[in-house]
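Heads up, the thing below is written out as structure tokens.
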Amino acid sequence: MVRIVAGIVVRFLPILFLALFAHLGARAETTGATRGYYEDPPRCIAVLAGPMELGVVAAGRIAEALARQLSGRVEKVIHPRERRRLVRAMAVDLAHPDDARHFAATTHCPAFLRWHVMGAGHDNALIWSQKYIHISAEIIRPRDGAVLWQANSTASRSSGDVPLSLFSLPLAMLRAAAFQEDDDAVASMLDDLARRLLASLPDTR
């Protein structure tokens, strides 16, 4: 019995150490605001859409988390739902420069927050489970295409226990499995991600 538990621990211990290292190493790698941001800080920023599928979480939830954090730093934010409504009403495609400039001028919202997923996924190693996401973002001015601010950030959440006996092994496995369905952990991860990402953005309210 002891040999079985020891074998499991030895097998998954390197994975647990790597997960711990990755979690502790989660940081916001920022470059911050450019001179253009300070010279003409935007009073309104529209949050753009991201990729359709991520596997870990719906892209819309990331955009909403970014919009919530952004609301604490600028005077006005066009949230994803409002942006979609305006785009439909105006029949524009914000991926096209002319349409983006028209949208910005009509809504009096001179800047967009554009973001990309650099990496995302979930790992499950029987007694340990992890979710992670890494994104980069930039604030652009559609009028001339200038980048006003940029940053990237990583956040992760994990759960797992090294079983001390054969009897604790099923519990460790159940906890790891339950974590994969834990929506609260995802919500916490997204808020953490958005907060870290926007930490270098000047407060211009």
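Taking numbering that gives the first Met the number 0, I'd label the letters of the sequence shown as residues 0 to 204. Built from N, CA and C at the ideal position, the CB exists for glycine as well. Just so you know, these numbers come straight off a predicted model, no measurement behind them.
Using a Cβ distance threshold of 7 Å, G49 and A62 count as a contacting pair. Residue burial annotation: M188 is buried, with at least 16 other C-beta atoms found within 10 angstroms of its C-beta. Across the structure, Y37 and S128 are spaced so that their CA atoms are roughly 42 Å apart. Taking a 10 Å sphere around the C-beta of A99, we find 16 or more other C-beta atoms and assign the residue as buried. Around the C-beta of D191, 16 or more other C-beta atoms lie within 10 Å, and the residue is accordingly described as buried. Sixteen is the threshold: when 16 or more other Cβ atoms of the shown chains lie within 10 Å of the Cβ of R156, as they do, the residue is buried.
When the beta-carbon positions are compared, V46 and P79 come within less than 7 Å of each other.
When secondary structure is reduced to three states using DSSP, E74 falls in the coil class, being assigned neither helix nor strand. Residue nearest to L69 within the set R82, A88 and L112 is L112 (criterion: CA-CA distance).
In terms of Cα proximity to D202, the closest of D92, I77 and V73 is V73. By the neighbour-count criterion, in which 16 or more other beta carbons inside 10 Å mark a residue as buried, A193 falls on the buried side. For A45, the enclosing beta strand (DSSP E) begins and ends at C43 to V46.
Rounded to the nearest angstrom, the gap between the Cα atoms of T33 and P141 is 16 Å. The residues G49, I134 and A136, in chain order, have a CB closer than 6 Å to that of W114 in the same chain once the five nearest residues on each side in sequence are set aside. Its Cα nearest to that of A154, the residue A186 stands out among I138, A186 and V86. Residue pairing of L112 in beta bridges, as defined by DSSP: V46 and I138. Between I139 and C108, the C-beta spacing is not below 7 Å. Residue state for L147 is assigned as strand, using DSSP reduced to three classes. For A103, the uninterrupted alpha helix (DSSP H) run begins and ends at P96 to T106, by DSSP.
When secondary structure is reduced to three states using DSSP, R60 falls in the helix class.
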